[in-house]
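Some notes on the structure that comes next.
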Amino acid sequence: LMKTGAKMKMKTIENLCTILMLCITCLISFRCDFTSENWTVLLLNEDKTLLYFFGTLGSLLFCFLLYRFSIHVHRPIKKACIMTAVNFPLSLLFVFEPLHHPVASSLHLLFAYLYFFCVNGCFLYSLLFFSYSRPKQARMIQTLYFIILILSGALYIHYMSINTLFECFFT
5 LMKTGAKMKM KTIENLCTIL MLCITCLISF RCDFTSENWT VLLLNEDKTL LYFFGTLGSL
65 LFCFLLYRFS IHVHRPIKKA CIMTAVNFPL SLLFVFEPLH HPVASSLHLL FAYLYFFCVN
125 GCFLYSLLFF SYSRPKQARM IQTLYFIILI LSGALYIHYM SINTLFECFF T
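In the numbering used here, the protein residues as written are 5 to 175.
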């Protein structure tokens, strides 16, 4: 009975994190143009502290959910989740404005792409091991994941950039 209560409490925390992360994403997203800008444009504003706070919180929530998903596999991926959680806030430290700040723009892209590949790497690693223990559930998750990746890729190719629409959809 004690384990069931702890599992329910953890599941509630996971659901709250998911809802909070989606709310943070929407809150930030509605402050910029969905198709021609991404969130880094907001870093040029004076109130960038709020964006940095929400971006960091969203990143930590996302990585918490990744870690919780990885618990179901052979070895939880703590280090990879920590590295993932660090990349996004680092990308927000550097503004993407290539004409005025080329080095900062390059660092922003480096950390943003590292974050994207780390998130996907952690998820695919967990999904691979999850598919051995629960093949039926894993098949459904794999299908949804690949649909999200394909549609995200289509958005990227259509606009030839990572914009707010892409970020919202991927989240």
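For glycine and all other residues, C-beta sits at the position ideal for the given N, C-alpha and C. Bear in mind the structure is a predicted one, so any value in this text is a computation, not a measurement.
Taking a contact to require three or more Cβ pairs closer than 8 Å, the segment 80 to 95 and the segment 56 to 63 qualify as touching. Excluding the 5 residues flanking it on each side, Leu118 has same chain C-beta neighbours closer than 7 Å at Asn91, in chain order.
Note that the segment 99 to 115 does not touch the segment 124 to 138; fewer than 3 beta-carbon pairs, one per stretch, sit closer than 8 Å. With fewer than 16 other Cβ atoms inside 10 Å of its own Cβ, Gly157 counts as exposed. Excluding the 5 residues flanking it on each side, Phe127 has same chain C-beta neighbours closer than 8 Å at Leu70, Phe73, Tyr149, in chain order. The DSSP-derived three-state label of Glu101 is coil. Scanning its chain for C-beta atoms nearer than 6 Å, with the 5 sequence neighbours on each side dropped, one finds around Ala84 the residues Cys126, in chain order. Listed in chain order, the alpha helix (DSSP H) runs fully inside the segment 91 to 149 are 106 to 137, counting runs of at least 4 residues.
Between the alpha carbons of Leu113 and Ile23 lies a gap of roughly 27 Å. Taking the Cβ atoms as the reference, Leu96 lies roughly 5 Å from Tyr56, within the contact range of under 8 Å. Sequence-distant Cβ neighbours of Phe68 in its own chain, meaning closer than 7 Å and more than five residues away, are Cys21. Residue environment for Leu169: buried (at least 16 other C-beta atoms within 10 angstroms of its C-beta). CA-to-CA, the gap between Arg35 and Lys140 works out to about 40 Å.
The straight-line gap separating the alpha-carbon atoms of Ile145 and Ile17 is approximately 20 Å. Between the alpha carbons of Lys15 and Phe115 lies a distance of about 30 Å.
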